[in-house]
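Participant: Dumping the structure here so I can ask a few things about it.
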Amino acid sequence: MYTSDIENKTILKTILTYLFCTVFCAIFGAVYEYFSHGVFSYYMLYAFAFPLIGGVTVYFLLLFFKLPLPGRLALNLYNSGIAALTVGSIFQGILEIYGTTNRLIYIYPTAGILLIILGIVSYTVLRRGS
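Residues in the sequence shown are numbered from 76 upward in steps of one, following the numbering used here.
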């Protein structure tokens, strides 16, 4: 039971961190678009969705269904994937508002999805091994 309490506190702390990131991304996008002279980007507008869906929702489901906390490797891979998707969305939004493109922008979604998949695979493989 003691380990369960520590895991619950860790998950709650992670949920609050992702909630803060969600609010920050929403406010950052709103302020950035306010000063963009009427130009907007859906990437900037919906950048908050990655930490909301991938962070708050997923960790809330872990807490709600009382699933075990993933190992450090799985957590780091998964959280890095969510961060890559969020930063990539904001960067793409900045580029669209500025009116330019960059061919290297496709690295963010590719790396983000790959890291998330590796995190999920790591979680399931290490969970079966225990």
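The C-beta atom is built at its ideal place from N, Cα and C for all residues, glycine as well. In this text the structure is predicted, and so the values were computed from the model without any measurement.
On the CB-based measure, 16 or more other CB atoms within 10 Å of its CB, does T176 come out buried or exposed?
Facilitator: Classification of T176: exposed, given that the 10 Å Cβ count is below 16.
Participant: Do you know offhand how far M76's Cα is from F139's?
Facilitator: A caution first: M76 carries a pLDDT of 47, below 50, which makes its placement in the model too unreliable to give a value.
Participant: Would you grab the beta carbon distance between L127 and T97 for me? Rounded to a whole angstrom, and I think it's under 8 Å.
Facilitator: The Cβ separation is near 5 Å, so the contact holds.
Participant: Which residues mark the beginning and the end of the alpha helix (DSSP H) in which S111 is found?
Facilitator: Segment: none, S111 is in no alpha helix (DSSP H) and carries neither H nor E.
Participant: Can you round the beta-carbon distance between L170 and I180 to whole angstroms, since I take them to be within the 8 Å contact cut?
Facilitator: L170 to I180, Cβ: 7 Å. Contact.
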